[in-house]
Amino acid sequence: MRFIASAVLALLATLAGQSYGADGSDLPSPAALAETMMLARYSAGFEARMRISSVGPDGKQSTPFKVAVVGQIDSQRERLAISGISPPSIRDHSYAAERTADGRIRVIEYGARLPADLLEIEPTTRVFDSALVVWDMLAPWWHWPKQISGGVDHVDGRDCQNIRSVTNAGTPPIPEVVSCVDAKTRLPWRTQLFDRQHILLRTISTRRTMRMESGAVAVRRLTIADADRTVTDVDVYSGDEHYAISAATFAALDYAHPAAGQAAP
Amino acid sequence: MNLFGFALGNLYRRPARSSLTIAAISLGVASIVALTSIAWGFEASWQRANDARGTDLIVTRIASENAMPSPFLADKLQATLKGYPHVQEVVGLLSEMLSVGDNAPPVFVFGWEYRSYLWQHLRLIDGHLPANDTDADIVLGSLAAELLHKKVGDSVEIEGRQFLIRGIFDSPAVVENGAVVMTLTLAQQITDKPGKVNILNIKLDDHASDSVIDDFKTRVRETLPGYLAITSGELVRKNAVVRISKAMSNATTLIASLVGALVVFNTMLMSINERTREIGLLLALGWQRQTIVKLIVSESVVLSLAGGLAGILIGIAIAGGLEHVELMRGKIEAVFSMPFLIAILGLSVVLGVAGGLYPALKAARMLPSQALRQE
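Spelled out as structure tokens, the structure:
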């Protein structure tokens, strides 16, 4: 079974796996590194519990909330389930997301009474109105065919290799992503997401890491800085590298595919 | 006046410099005392928690070096271990650091198998233990109750669920006093880890000897790949937090010792430079060079010993103060031992000798004629 290095990786391929000994003189090609990042996220099942808090541009702090992210990622499927833990207002609200065969990200929002309150929504939907975006959590840019090297960079005093991922296929909500990846730990220290006009939408930065049972390094805390200067902190406070996925975990995805914005039958 | 009195007199003549030197040494020694006592206390507290529960052996995952080992499915393993010789009980435990309520700092939340031996060492101060396996009832350690400002009958929110506080207990282990305890079933439900535990506690019967424990360990190693049977002491020593805190305390000891020796060295070097004529006069009066060395080394040892004594007192006060800081309460416990404190005083003497030796030798090598010409 592959490591869950991706456990928290749910959030942006932020997880790590085994080192492959890259150093400054022996950097892997961008395509190879992108593939490694993709493989590092593979997991038969993981859970990560996160505490999320945001401070708006006016310095006002929004009510923190907790979510549980369950994921299953392999060559055949990439699925995430995000459930609200607290406060009570989000307790029975969940999101399920998957990467479809054609590379599209499909997101379902649902409540306690499946399938009555199930709704397919835009992949760029923010989780409980925070800066956490479901699309980002599946990190689809590692699948894009065009990966361009951006050279070596330094983020918070740490060396990393810039990779610019670009796509023109279809109408992806985000066509360009620049990630600064630590080739050894396979952690993206910084991920910047741009729109079609190359305007920076948000920057996701790794702040703290942790070593997991598998030996892989995973993100413990990250920050999402929005273009409007809202800053969101995501703190992983608990997790399970070997989460047992049940039939109910992704049941919402198995219901009929209603058109976006319409309630399921 | 004897030599020691003469040395004391020299130190009194420069009170500001002597006080600053003592203060610098005492800060270094205080950091050693505080950090080491907390590192030992952390280890001792976990050890006491396991000893108080009456656990003889712990089965956990091999790679587990976190504060609590990673969770694993317990059912099959538990059944297998129950079949081992001399095994009386195999009890699962699940633990997480979770926030209790909105603004409270995270606390340890322990899930213990309902009616297992783990509950027996708790001394109830108020209320009762959970009445059944699945009711949303919890018990709080006395420190946790104080920190959360809760009493029996109140409710608390953990991971989005409300729990009724059924009892408040006291435990020999500070870790447990600062914790929330619920049944294992409940802990598995709220953390979405059905059937999982962090560790399996093994209680052996009264006939189990050391060789039985060794056989048990070997059997687990050979027949249960991925798992490890260890004593609670071994688990605590493998704990990453214990190892980090010990490494930090060792590093602090090394750095503080070097700084302390340099401070003494600098002070004594300045002192003999200022007293060149005085030392020259003593030599001209017939003092032996050996006596000059003894005088200077005595002064440096007195300085470092005074710094050491003050540092021990400050270190004890710092560690005691940290125990009462709200964020730390129930999580740390300082442990002081007399041999350790004596060793710290010994270290102070070594620092004094090391820092004072070169200045003393330099002073003793002076020629009286040259020293007396010094302005």
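Going down the list, the sequences are from chains A and B. Here this note's numbering is used: the first residue of the first sequence is 76, the next is one more, and so on. Here this note's numbering is used: the first residue of the second sequence is 43, the next is one more, and so on. Think of the CB as a built atom: it goes at the ideal place given N, C-alpha and C, for glycine as much as any other residue.
Simplified DSSP assignment, three categories, for residue i
i: Tyr156 of chain B; result: coil
i: Val132 of chain B; result: strand
i: Asp256 of chain B; result: helix
i: Gln231 of chain B; result: helix
i: Tyr54 of chain B; result: helix
i: Lys288 of chain B; result: helix
i: Thr324 of chain A; result: coil
i: Arg263 of chain B; result: helix
i: Thr294 of chain B; result: helix
i: Gly134 of chain A; result: coil
i: Ala49 of chain B; result: helix
i: Ile218 of chain A; result: Looking at the sequence itself, residue 218 of chain A is His, so the reference to Ile does not match. Three-state DSSP puts His218 of chain A in a helix.
i: Val329 of chain A; result: Note on identity: in this sequence residue 329 of chain A is Asp, with Val being the wrong assignment. If DSSP states are grouped into helix, strand and coil, Asp329 of chain A belongs with the helices.
Run of the alpha helix (DSSP H) containing residue i, from where it starts to where it stops
i: Trp88 of chain B; result: Pro57 to Arg95
i: Arg331 of chain B; result: Arg331 to Glu365
i: Ile279 of chain A; result: Unbroken run through Ile279 of chain A is the beta strand (DSSP E), Leu275 to Arg286; no alpha helix (DSSP H).
i: Val278 of chain B; result: Ser274 to Lys280
i: Thr122 of chain B; result: Asp117 to Lys124
i: Ala413 of chain B; result: Pro410 to Arg415
i: Gly120 of chain A; result: Looking at the DSSP string, Gly120 of chain A is not in any alpha helix (DSSP H); the run it does join, the beta strand (DSSP E), is Ser118 to Val130.
i: Glu110 of chain A; result: Pro105 to Ala115
i: Pro381 of chain B; result: Met380 to Ala406
Cutoff 6 Å; reference residue i; Cβ partners in own chain excluding five residues on either side
i: Val130 of chain A; result: Gln136 and Val306
i: Ala293 of chain B; result: none
i: Asp212 of chain B; result: Arg165, Ile167 and Ser184
i: Leu355 of chain B; result: none
i: Lys259 of chain B; result: Ala271
i: Phe378 of chain B; result: Ser79
Residues sharing a beta bridge with residue i, DSSP
i: Leu166 of chain B; result: B:Phe211
i: Ala187 of chain A; result: Paired residue(s): none; Ala187 of chain A is not in a bridge.
i: Val142 of chain B; result: B:Ile200
i: Val149 of chain B; result: B:Leu140
i: Tyr269 of chain B; result: B:Arg103
i: Thr225 of chain B; result: B:Trp154
i: Phe114 of chain B; result: B:Val239
i: Val208 of chain A; result: A:Arg201
Cβ-based neighbour list, residue i, same chain, cut-off 8 Å, excluding 5 preceding and 5 following
i: Glu199 of chain B; result: Val142, Gly143, Asp144 and Phe205
i: Ala146 of chain B; result: Leu189 and Leu190
i: Leu53 of chain B; result: Ser60, Glu341, Val344 and Leu345
i: Tyr156 of chain B; result: Pro172, Asn174, Asp175, Thr225, Leu226 and Thr227
i: Leu364 of chain B; result: Ala76, Ile80, Met370, Ile374 and Ala376
i: Ala319 of chain A; result: Gly120
Limits of the beta strand (DSSP E) - the one that residue i falls within
i: Val253 of chain A; result: Glu251 to Asp257
i: Val230 of chain A; result: Lys221 to Val230
i: Pro263 of chain A; result: Leu262 to Phe269
i: Leu242 of chain B; result: Ile241 to Leu246
i: Ile374 of chain B; result: No beta strand (DSSP E) holds Ile374 of chain B; DSSP gives it neither H nor E.
i: Tyr312 of chain A; result: Val306 to Asp315
i: Val292 of chain A; result: Val292 to Asp301
i: Ser240 of chain A; result: Arg233 to Val241
i: Leu194 of chain A; result: Leu194 to Ile196
Beta-carbon contacts of residue i that lie in its chain and below 7 Å, excluding the five residues immediately before and after
i: Gly186 of chain A; result: Asp167, His168 and Asp192
i: Leu328 of chain A; result: Arg154, Ala171, Glu173 and Ile183
i: Arg59 of chain B; result: Thr309
i: Asn243 of chain B; result: Arg95, Thr97, Ile100, Val133, Leu135 and Leu160
i: Leu86 of chain A; result: Confidence at Leu86 of chain A is low in this model, with a pLDDT of 43, below 50, so its placement is unreliable and no value can be given for it.
i: Phe48 of chain B; result: Leu337
i: Thr324 of chain A; result: Val145 and Ala156
i: Lys192 of chain B; result: Leu182, Val198 and Ile207
i: Leu123 of chain B; result: Val101, Val129, Val132, Leu242 and Ile244
i: Ser158 of chain B; result: Glu131 and Val133
i: Ser299 of chain B; result: Leu389 and Leu393
Handout entry: Length at least 3, wholly inside the region 176-223 of chain B: the beta strand (DSSP E) runs in chain order
Key = Scanning the region 176-223 of chain B for uninterrupted beta strand (DSSP E) segments of 3 residues or longer gives 179-183, 197-200 and 203-212, listed from N- to C-terminal end.
Handout entry: alpha helix (DSSP H) segments (min. 4 residues) lying fully within the region 300-328 of chain B
Key = Unbroken alpha helix (DSSP H) runs of no fewer than 4 residues, entirely contained in the region 300-328 of chain B, are found at 318-326, following chain order.
Exercise for the section: Could you name each continuous beta strand (DSSP E) segment of 3 residues or more that falls completely within the region 136-189 of chain A, going from the start of the chain to the end? Expected result: Counting whole runs of 3 or more residues, the region 136-189 of chain A contains the beta strand (DSSP E) stretches 140-148, 153-161, 169-174 and 180-185.
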